[in-house]
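Only one structure is covered here, and it is reproduced in the block below.
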């Protein structure tokens with residue numbers, strides 16, 4: 001239960017108390033500022049508290065947005081201010097400061113707004129939600145009160161609530177084929193007490209069943225898999241819309257939302273590979289290639305965004321042209337579809353699964369993702385080269401954490417600016433490309449792969465010895481991802497033995513989970529996973545060296561066992577630490593409002 005303290009002159013017939021109770025507040029009335037402070041002190045320390053002007057006129061959803069969003073410690077709308085338990089001390093101090101500067105006035109009609117201003121004056125971050133057409137005001141006389149009530153009656157806040165439950169920047173397929181009805185599913189779920197986490201879990205289970213249907217290798221199974229994958233995506237949209245509709249944000253929900261989309265998609269790739277195998281077609285290399293490509297696309301997006309998150313003088317002619325194109329309606333949708341976002345991608349996969357074969361599905365997927373990757377990466381390179389920006393230490397730290405270097409590369413990074421006089425992306429690309437090329441053009445078991453892996457360890461360290469503030473330094477983490485995943489893929493394919501590619505698929509999936517976990521921790525402001533975890537799983541260069549050594553020293557069957565063992569070990573360590581973190585009280589409530597790629 002939360003507590004709302006009403007202040008100011010009561011208004012006969014006002015529905016405010018009932019509105020606050022409908023939002024879960026226990027309502028108490030203060031006669032003056034001193035009484036408000038007394039009532040505030042009496043509220044249990046583990047409860048949210050709000051101070052609301054009794055003259056408030058507005059929509060219930062305006063109060064909901066301003067007073068119940070769990071993501072913000074303090075928030076305010078005109079006539080109301082709230083604080084979670086961790087910000088109670090700030091709220092109390094602001095109330096005392098307000099009363100002290102009022103000259104001892106007994107009744108403070110504008111107390112909530114004065115408290116909010118005092119909080120901001122004390123450098124407290126007060127969230128003020130964008131209300132749009134919603135009304136939230138404190139009328140000063142009967143005429144303005146009547147006008148405010150008419151304004152409230154003129155806007156259907158339930159329609160606004162439904163509309164704003166949908167992301168503002170979704171893809172074409174999601175916007176026009178899913179959201180027009182999934183928002184009503186979200187409302188149906190909210191009215192029956194279902195939580196976003198339950199819907200997210202249902203989406204995962206549906207996708208896993210779809211993967212199981214695809215794994216049957218029958219035409220009926222493929223058709224069922226396509227329909228179930230689309231239904232899983234409907235639920236995937238619904239869980240976020242439910243969270244926004246009912247403001248049910250949580251740390252556990254953040255973790256589920258951040259990881260289940262990838263788990264669903266990559267499990268489906270595995271289902272396609274198993275189904276193809278039943279028909280005598282081995283497409284594990286294609287399935288693994290699709291996962292590698294999609295993961296590398298995402299790290300390009302994450303790295304670019306982190307590198308420019310708080311850059312100053314962040315201007316670019318390319319960005320200006322992009323903004324200009326966004327002002328032309330049809331170009332917005334074309335550009336969003338070109339990048340093959342999750343809605344378009346899953347729709348394509350579902351249709352192709354139902355009417356073609358797993359091989360065709362994966363080949364078309366890889367081609368589409370490759371073209372999308374070329375488009376987005378080229379645009380970001382152009383922006384970076386034409387952008388006049390000063391990047392911060394925070395951005396450089398984030399790129400270093402995304403690199404996922406272990407103890408071996410860190411030892412060479414200690415050389416600081418010594419070594420090769422080349423930019424960090426060039427060093428990272430040369431080392432990774434050389435390793436993948438040697439693995440691809442030598443026979444299985446060649447010692448040259450180990451030599452190339454050792455060189456890669458050295459170049460990884462040298463790349464990270466740079467400051468990572470140059471225009472293209474955000475390319476370093478994607479180059480590392482491509483080198484590690486690509487090496488595993490090539491060596492498993494070279495082994496040419498049953499089980500090697502599925503084992504490699506499992507290893508890349510486990511490592512990719514670790515990298516996504518790192519991304520969402522950084523986005524939440526808590527930094528990368530602890531260094532002991534990175535050391536325990538070897539870092540990206542350490543794992544690459546271990547796989548290269550295993551390929552050089554072990555026969556193909558034993559190599560498969562080694563990949564499987566490494567995949568299980570990495571998955572166990574990473575999952576245990578990730579679950580511990582995301583269910584802890586210190587985890588951030590991060591919700592992805594726009595999936596990159």
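Residue numbers (the numbering used here): 1 to 597.
The beta carbon of each residue, even a glycine, is placed where N, CA and C say it ideally should be.
Counting C-beta atoms within 10 angstroms of its own C-beta, residue 576 has fewer than 16 neighbours from the protein chains shown and is therefore classed as exposed.
Distance between residue 126 and residue 112, taken at the CA atoms: about 12 Å. The residue from 58, 55, 48 and 54 with its alpha-carbon nearest to that of residue 67 is 48. Below 8 Å, too few C-beta pairs join the segment 371–381 and the segment 447–460 to call them touching: fewer than three.
Per the DSSP secondary-structure output, residue 26 pairs in a beta bridge with 3.
Using a Cβ distance threshold of 9 Å, residue 464 and residue 455 do not count as a contacting pair.
Under the DSSP assignment, residue 135 falls outside any beta strand (DSSP E); it carries neither an H nor an E label.
Scanning 263, 16 and 468 for the CA closest to the CA of residue 509 turns up 263. Secondary structure of residue 76 (DSSP, three-state): strand.
The C-beta separation of residue 124 from residue 90 comes to about 5 Å, placing the pair in contact by the 8 Å criterion. In the DSSP assignment, residue 42 falls within the unbroken alpha helix (DSSP H) covering 33–42.
Membership of residue 69 in any beta strand (DSSP E) is not indicated, and neither H nor E is assigned to it by DSSP. Rounded to the nearest angstrom, the Cβ distance from residue 292 to residue 520 is 20 Å, too far for a contact under 8 Å. Every unbroken stretch of the alpha helix (DSSP H) spanning 4 or more residues and falling wholly within the segment 530–575 is given here in chain order: 531–536 and 539–553. If you check the CB distance, residue 462 and residue 413 come in under 9 Å. A check of alpha carbon separations from residue 501 across 564, 545 and 478 identifies 564 as the nearest. Following the DSSP letters along the chain, one finds residue 299 inside the alpha helix (DSSP H) bounded by residues 284–307.
Residue 390 and residue 514 have their C-alpha atoms roughly 30 Å apart. When DSSP states are grouped into helix, strand and coil, residue 53 belongs to the strand group. Of the candidates 232, 271, 276 and 246, the residue whose Cα lies closest to the Cα of residue 260 is 232. Counting only residues of its own chain and dropping the five nearest sequence neighbours on each side, residue 411 has a CB closer than 7 Å to the CB of 461.
In the three-state reduction of the DSSP assignment, residue 202 falls in the helix class, which pools H, G and I. Contact between residue 372 and residue 474 fails: their C-beta atoms lie close to 18 Å from each other, not under 8 Å. Taking C-beta separations shorter than 8 Å and ignoring five residues to either side along the sequence, the partners of residue 46 in its chain run 85, following chain order.
Using a C-beta cut-off of 8 Å, the segment 184–198 makes no contact with the segment 210–222, since fewer than three inter-stretch Cβ pairs fall below that distance. In the structure shown, residue 388 adopts extended strand secondary structure according to DSSP, grouped into three states. With contact defined as three or more Cβ pairs closer than 8 Å, the segment 240–251 and the segment 558–574 are not in contact. In the three-state reduction of the DSSP assignment, residue 83 falls in the strand class, which pools E and B. As for any beta strand (DSSP E) of minimum length 3 sitting wholly inside the segment 329–401, the runs are 388–390, ordered along the chain.
For the pair of segments examined, the segment 424–435 was found not to touch the segment 341–348: the number of CB pairs separated by less than 8 Å stays below three.
Take residue 363, set aside five residues on each side of it, and the residues of its chain with a beta-carbon closer than 8 Å to its own are 286, in chain order. At the C-beta level, residue 211 and residue 267 come within 9 Å of one another. Nearest Cα to residue 77 within the set 92, 94 and 138: 138. Residue 578 is a Cβ neighbour of residue 529, given a cutoff of 9 Å. A residue is called buried when at least 16 other Cβ atoms come within 10 angstroms of its Cβ; residue 540 meets this threshold and is buried.
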